[in-house]
């Protein structure tokens, strides 16, 4: 399995780098997004939608890593070599009860309510709780998003409704690839939260 190495980030990305470093410890796969189609990741702030898509990193953690979500997809609205004071980011998490590595293609419906605590917690899923909806795939423990930015403010508690699909087009011993769509209503939580989010991205993890 390919080990994760988190590149040093510019100071403006400090809080986002923390989110990423916590997510990458012990991960089993990495899909950095250099020059490919970034898909759609955007957050609504009030009445205005903002693309959070200048740079990204995707991470996969095997099921034996208790404090990582199975899939983590993080994006920023500026590149690390050109940071801005108002840089914002968003991380999307999809967590399985036990990920079926090598089981082949599959589609998982995501439907439920995520609740983020106000304070950052060093506990399972950092204190986020997920209540599945009627259409939610039983194999998936939860799905949610969390915002990040450089700020002196504390993180905010949030309740968000999520709906979408995680489609695995390949799940083999050599490669995990697929597509994620997610619609989020309600505060995105974390630091500098938005009021809604939309995600429509492809991913690939060589094993």
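Residue numbers (mature numbering (1 follows the signal peptide of the UniProt record, and there is no 0)): -29 to -1, 1 to 178.
Just so it is clear, CB atoms sit at the ideal spot from N, CA and C, and this is done for glycine as well.
Please read these numbers as outputs of a predicted model, since none were measured by experiment.
In terms of CA proximity to residue 142, 33 leads the group 33, 165 and 13. Judged by DSSP secondary structure, residue 9 falls outside any beta strand (DSSP E); it is assigned neither H nor E. A direct Cα-Cα distance of roughly 19 Å separates residue 156 from residue 24. Counting along the chain, residue 84 sits inside the beta strand (DSSP E) bounded by residues 77 to 87. Relative to residue 113, the option among 14, 42 and 19 whose CA is nearest is 42. In terms of Cα proximity to residue 154, the closest of 64, 77 and 124 is 64. Residue burial is scored here from C-beta neighbours: residue 146 has fewer than 16 other C-beta atoms within 10 angstroms and is therefore classed as exposed. Here residue 48 is buried, its C-beta having at least 16 other C-beta atoms within 10 Å. Residue pairing for residue 101: DSSP places it in a beta bridge opposite 85. In this structure, the straight-line span from the alpha carbon of residue 105 to that of residue 78 is close to 16 Å. Taken through DSSP and simplified to helix, strand or coil, residue 142 comes out as strand. According to DSSP, residue 66 shares a beta bridge with 113. For residue 19, the closest of 174, 165 and 172 by C-alpha to C-alpha distance is 165. Within 10 angstroms of the beta-carbon of residue 144 lie fewer than 16 other beta-carbons, which makes it exposed.
For residue 21, the enclosing beta strand (DSSP E) stretches over residues 19 to 22. Annotation: residue 120 to residue 103 spans about 28 Å, alpha carbon to alpha carbon. A Cβ-Cβ distance of about 17 Å is found for the pair residue 80 and residue 131, leaving them out of contact under the 8 Å criterion. In this chain, the beta strand (DSSP E) harbouring residue 29 covers 26 to 31. For residue 168, the number of other beta carbons within 10 angstroms of its own is at least 16, and it is reported as buried. Of the candidates 14, 40 and 116, the residue whose Cα lies closest to the Cα of residue 84 is 116.
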